[in-house]
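Visitor: A single structure is presented below for examination.
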Amino acid sequence: MGNAAIVGINWGDEGKGRMVDLLAQDYDVVVRYQGGGNAGHTVENERGKFALHLLPSGIFRPGVRNVLGNGVALDPENLWKEIEDLRASGVPIGPENLSISDRASLLLPWHRRLDGLEEGRLGDRRYGSTRQGIAPFYSDKFQKKTVLAGELFYPERLRRHLTELLEWKNLTLTGVYGAQPEDLEALLAWIEDYGAKLRPFVRDTGALLRQAQAAGKSILFEAQLGALRDIDFGIHPYTTSSNVIAAYAPVGSGLPGAKLDQVVGVVKAYSTCVGEGPFVTEWSGPEAERLRAEGHEYGAKTGRPRRVGALDLVATRYGVQLQAATALALTKLDVLSYLDEIPVCVKYLVDGRETEDFPFPAALDAAQPVCVTVPGWKQDIRDVRRWEDLPQAARDYVLLVERAVGCPIRYVSVGPERDSIILR
Ligand code: GDP
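Using the working numbering, read the sequence shown as starting at -3 and increasing by one per residue.
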C-alpha cells in the first residue's frame, strides 16, 4: 500500500474528509500534519454526519491509529470538545487509537484573543480569519514562544515557562491593543485542567511512526485547507499560516524522511472559497445563490456562506503542480446536475493578455476569467457507481478537467456518503 497524502488542490472545502474517511480502510495510521481547528472536514458514514476540526478523519475506523503531528496547532479546548462530542455519538476515542505528538505546540487562550483583536484593528481590511488563533499561534511558534505538549510531563518547568510567556504576551495585549492582560492563576488552572485530560494521549509519535514504517505499515497523511492557502505558495496574505502542501507532510507529521508513494489531490467540480481575498471565477446574485444552495456551501466551522463560482482550471492546475498530485478525486459532481450548461474557466485575462499560468498574488485582482461553456447532463447521478453509467456529458466534463490539469482523475464523487464514489 505504501504511504499516501490526501490534500486539497484549491482553497479548501474540497471534500478531503470524505476521501480520508473512504481511503482510511486501506491504511494503518492516519496523521494530521498541519493546521488547527480553524476549518472543518465533514464526514458522513454509518455513524452519522460529523464535522471534524482537528481530529484525523481516520478516527471512525476501528484499528486505525490516528496521530496529531508536531506541525498542528494543538488547541486543547477545541480538541477536547471534539473528543467529547464524538464519544457522545458512540465513537470510541482513547490513547489506543489517538496519539498527540509531544513536539506539537499548544494553542493558548491568548492566541484566539489576539486573532480577534487584530481582525478588529484591521476592520474592513481584515483577512477573514476564523478567529481561532491560528496566525498568532504560528507566529509564536516560529518565535519559539509556545509550549510543547511534551512539557505537560514536566509540571514545574511548564509553570515557569508559562509564567515567562504570559509576562511577554501581556505586553502585547495591553501595550499594543489596550486589552485586558491574561491572568496567571487562570492560565495555570487552565493548563492543569486540559493537561490532565490530554496527557494520556501525548507521546513520542515520531518513534511510533518510525516503528509503524519499519513494520511495513501504511501511513496516510491528512491535510487541512488547500494549496492556494499555503503560506509560501498561496494567495498571500489570504493564506493560512502553515504549509498545507504534501511536501510538508513528512516534516509536520514527525517522519521527516518519509517518502510519499501517492499524493491524492481533492478537487471540487466547481470552485468555492471562504473568507476574503481574490477569487477570479466568483459568481454573484441568483446564479451564486442557486449553486451555494445545491452544494450546501456553508462553512463547517463558522457556518459562513462560501463564495462560489465556475471551476477555475488555472488555479486547479497550479494546485496540482504545488501538490505534485499523482491522482485526483473530483468531488461534488452531482451538485452540477441542475445546470443546462456549465461554464469552466480555462484561462485568465490579465492586463489584456491571456494566460494559463496562475499569477503572482498582487496580479490576481486584475485577472478576469476566460470561460468555455460545456453541456450539462441534467439528470440525477447520485446513484451512479460505474464510470460507464455516467451520462456522456458528465464523463466529458471529467475528461476536460483531467486533460486541462494533467493528472489522472481516479475517483469521482457523486454524493457525501462513503460509498457514493466511482472508481476509474
Ligand atoms: P474538506 O474540508 O475538504 O473535508 O471539505 P468540507 O467537509 O468542508 O466540505 C465538503 C462537503 O461536501 C461536506 O459537507 C461533504 O459531506 C460534502 N461532500 C463531499 N463529497 C461530496 C459529493 O461528492 N457530493 C455531495 N453532494 N457532497 C459531497
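The beta carbon of each residue, even a glycine, is placed where N, CA and C say it ideally should be.
By DSSP's criteria, R303 is part of a beta bridge. Which residues make up the other side?
Guide: C269
Visitor: Taking V368 and V342 to be in contact with their CB atoms under 8 angstroms, please state how far apart those CB atoms are, rounded to whole angstroms.
Guide: Yes, V368 and V342 are in contact; Cβ-Cβ is about 5 angstroms, under 8 angstroms.
Visitor: Suppose the cutoff is 6 angstroms on Cβ atoms and the five residues either side in sequence are ignored; what does the same chain contact list for L75 look like?
Guide: L50
Visitor: If you pair each beta-carbon of the segment 264 to 281 with each one of the segment 295 to 310, do three or more pairs fall below 8 angstroms?
Guide: yes
Visitor: By Cβ distance, which residues of its chain are closer than 8 angstroms to L183, with the 5 residues on each side in sequence left out?
Guide: L104, P105, L158, L162
Visitor: Measuring CB atoms only, is the segment 118 to 131 touching the segment 185 to 197, in the sense that at least three cross pairs come out at less than 8 angstroms?
Guide: Counting C-beta pairs with one atom in each stretch, the segment 118 to 131 and the segment 185 to 197 have fewer than three that are closer than 8 angstroms, which means they do not touch.
Visitor: Would you call the segment 52 to 61 and the segment 230 to 247 touching, i.e. three or more CB-CB distances under 8 angstroms?
Guide: no
Visitor: Give the range of the beta strand (DSSP E) segment to which L419 is assigned.
Guide: If you look at L419, you'll find it in the beta strand (DSSP E) that goes 417 to 419.
Visitor: Rounded to whole angstroms, what's the CA-CA distance from V25 to P151? Just pull it up for me.
Guide: 30 angstroms
Visitor: R155 and G129: beta carbons closer than 7 angstroms?
Guide: no
Visitor: Quick test of your reading: E10 and T327, contact by CB under 8 angstroms. State the CB separation rounded to the nearest angstrom.
Guide: 6 angstroms
Visitor: Could you tell me the alpha carbon to alpha carbon distance between A321 and T201, rounded to whole angstroms?
Guide: Rounded to the nearest whole angstrom, the C-alpha separation of A321 and T201 is 26 angstroms.
Visitor: Secondary structure at L103, three-state DSSP: helix, strand or coil?
Guide: coil
Visitor: Look up Y334 in the DSSP assignment and say whether it is helix, strand or coil.
Guide: helix
Visitor: Hey, out of S416, A20, V68, whose CA is closest to I215's CA?
Guide: A20
Visitor: Just checking my contact of R14 with S333 at CB under 8 angstroms: how many whole Å lie between their CB atoms?
Guide: Rounded, the Cβ-Cβ distance is 18 angstroms, inconsistent with contact.
Visitor: Whose C-alpha, out of V16, K12, D22, is nearest the C-alpha of G(-2)?
Guide: Ranking the options by Cα distance to G(-2), first place goes to D22.
Visitor: So the candidates are A210, D415, V310, T351; which of them puts its Cα closest to the Cα of E398?
Guide: V310
Visitor: Just verifying my parser: in three-state terms, what is the DSSP assignment at S280?
Guide: coil
Visitor: Between L110, G119, I231, R153, which has its C-alpha nearest V172's C-alpha?
Guide: L110
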